[in-house]
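Asks:
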Amino acid sequence: MRLENSYCLWSPEEAAGIAAANEALAPKLEEVKQSLPPFRERKDAPAEWAESLRQIGIYARSEKPAFSGKKLALSVFPKARYRYRHQAGSCFEMVRRTPCGHRLSVSFDSAPPAYVWQSASISLSGIKFCCPLFREQIWRENAETVRAFMEHCLLLAERAEAALDQPLYDCFGASPDWWLAD
77 MRLENSYCLW
87 SPEEAAGIAA
97 ANEALAPKLE
107 EVKQSLPPFR
117 ERKDAPAEWA
127 ESLRQIGIYA
137 RSEKPAFSGK
147 KLALSVFPKA
157 RYRYRHQAGS
167 CFEMVRRTPC
177 GHRLSVSFDS
187 APPAYVWQSA
197 SISLSGIKFC
207 CPLFREQIWR
217 ENAETVRAFM
227 EHCLLLAERA
237 EAALDQPLYD
247 CFGASPDWWL
257 AD
């Protein structure tokens, strides 16, 4: 069973090896991060300001969108490959074990109390590393927008896995089954 906030103690030699692997992998990791496009390009335009003001008004009135992020994620992420894992509050993640034995996680949060934001983050982790790869936050305009955002996150997660799974294995090896079990 993997425990949250558990720590591994490495010998000085193991720690030095992990640090060297991190340094060797840093350029590839940065290249992959830069290749993951945002869902929406940020524009500093008056039309966007008007939309932001409208959304702030919704937030001020505490109007909660009438759709479930969990249900949308369960319909977007293939059940045969990803599993749902609840976290605290409005947070949850879609998680899977990669072919090389790492943990691919796409985490979502609908940001209470007003629930007008939908944030997502993508990471690959193992017993010797954690690679945060992507983070973005959007307005929860409607279910179609959130579904499209989740589909975008699924595509980016699979792209990141394809680019990094084998290089991470080559640098760090596989994580033991007990570390990844939930």
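Residue numbers (our numbering): 77 to 258.
Glycine is no exception: its CB is placed at the ideal position from the N, C-alpha and C atoms.
All of these numbers come straight from a predicted model, not from anything done at the bench.
Who are the near neighbours of PRO243 in its chain, counting only those whose CB is closer than 8 angstroms to its CB and skipping five residues on each side?
Replies: For the purposes of this step, residue 243 is identified with residue 167 of the sequence shown, where counting begins at 1. Cβ within range, chain order: LEU101 and LYS104.
Asks: Determine, using beta carbons only, whether SER186 and GLN194 come nearer to each other than 8 angstroms.
Replies: Counting from one through the sequence shown, the residue named residue 186 turns up at place 110. Counting from one through the sequence shown, the residue named residue 194 turns up at place 118. Against a cut-off of 8 angstroms, the Cβ pair of GLN194 and SER186 comes out as a contact.
Asks: If you run the structure through DSSP and keep just helix, strand and coil, what is PHE143?
Replies: The sequence position of residue 143 within the sequence shown is 67, counting from 1. Coil at PHE143, not helix or strand.
Asks: Could you name the residues of the same chain whose beta carbon sits closer than 7 angstroms to that of HIS178, not counting the 5 residues immediately before and after it, in chain order?
Replies: Residue numbering aside, residue 178 sits at position 102 when the sequence shown is read from its first letter. The answer, listed in chain order, is LEU200, SER201, GLY202, ASP241, LEU244 and SER251.
Asks: Quick one: what does DSSP say HIS178 is sitting in, helix, strand or coil?
Replies: Residue 178 sits at position 102 when you count from the first residue of the sequence shown. Note: HIS178 maps to coil in three-state DSSP.
Asks: Is it true that the CB of LEU180 sits closer than 8 angstroms to the CB of GLU99?
Replies: The count along the sequence shown starts at 1 and reaches residue 99 at position 23. The count along the sequence shown starts at 1 and reaches residue 180 at position 104. Not a contact, by the Cβ cut-off of 8 angstroms.
Asks: Is the beta carbon of LEU112 sitting closer than 8 angstroms to the one on ARG223?
Replies: Here residue 112 corresponds to residue number 36 of the sequence shown, with the count starting at 1. Here residue 223 corresponds to residue number 147 of the sequence shown, with the count starting at 1. No, the Cβ-Cβ distance between LEU112 and ARG223 is not below 8 angstroms.
Asks: Within the region 193 to 235, note down every full beta strand (DSSP E) run reaching 3 residues or more, in order along the chain.
Replies: DSSP runs (the beta strand (DSSP E)) wholly in the region 193 to 235: 193 to 202 and 205 to 215.
Asks: How many whole angstroms separate the CB atoms of ALA171 and ARG161, which I take to be in contact at a CB cut-off of 8 angstroms?
Replies: As a working mapping, residue 171 is identified with position 95 in the sequence shown. As a working mapping, residue 161 is identified with position 85 in the sequence shown. Ala is not the amino acid found at residue 171; the sequence shown has Val there. Rounded, the Cβ-Cβ distance is 5 angstroms, consistent with contact.
Asks: Which whole-angstrom value is the C-beta distance of MET226 and ALA156, which I expect to be below 8 angstroms?
Replies: As a working mapping, residue 226 is identified with position 150 in the sequence shown. As a working mapping, residue 156 is identified with position 80 in the sequence shown. Actually they do not touch by this definition, with Cβ atoms about 17 angstroms apart.
Asks: If you draw a straight line from the C-alpha of CYS206 to the C-alpha of ILE214, how long is it?
Replies: Mapped onto the sequence shown, residue 206 falls at position 130. Mapped onto the sequence shown, residue 214 falls at position 138. Computed Cα separation, rounded: 24 angstroms.
Asks: Can you tell which of TRP86, PRO88, ARG159 and GLY93 has its C-alpha closest to the C-alpha of ASP246?
Replies: Numbered from its first residue, the sequence shown carries residue 246 at position 170. Ranking TRP86, PRO88, ARG159 and GLY93 by Cα distance to ASP246 puts GLY93 first.
Asks: Starting from GLN163, trace the alpha helix (DSSP H) in both directions and tell me its first and last residue.
Replies: Stepping through the sequence shown from its first residue, residue 163 is reached at position 87. Run containing GLN163: none; DSSP gives neither H nor E here.
Asks: Would you give the residue range spanned by the alpha helix (DSSP H) that TRP254 belongs to?
Replies: Residue numbering aside, residue 254 sits at position 178 when the sequence shown is read from its first letter. Taken as a continuous stretch (DSSP letters only), the alpha helix (DSSP H) holding TRP254 covers 253 to 256.
Asks: Taking the alpha helix (DSSP H) that PRO114 falls in, what are its first and last residues?
Replies: In the sequence shown, the residue the question calls residue 114 occupies position 38. Per DSSP, PRO114 belongs to no alpha helix (DSSP H) and is neither H nor E.
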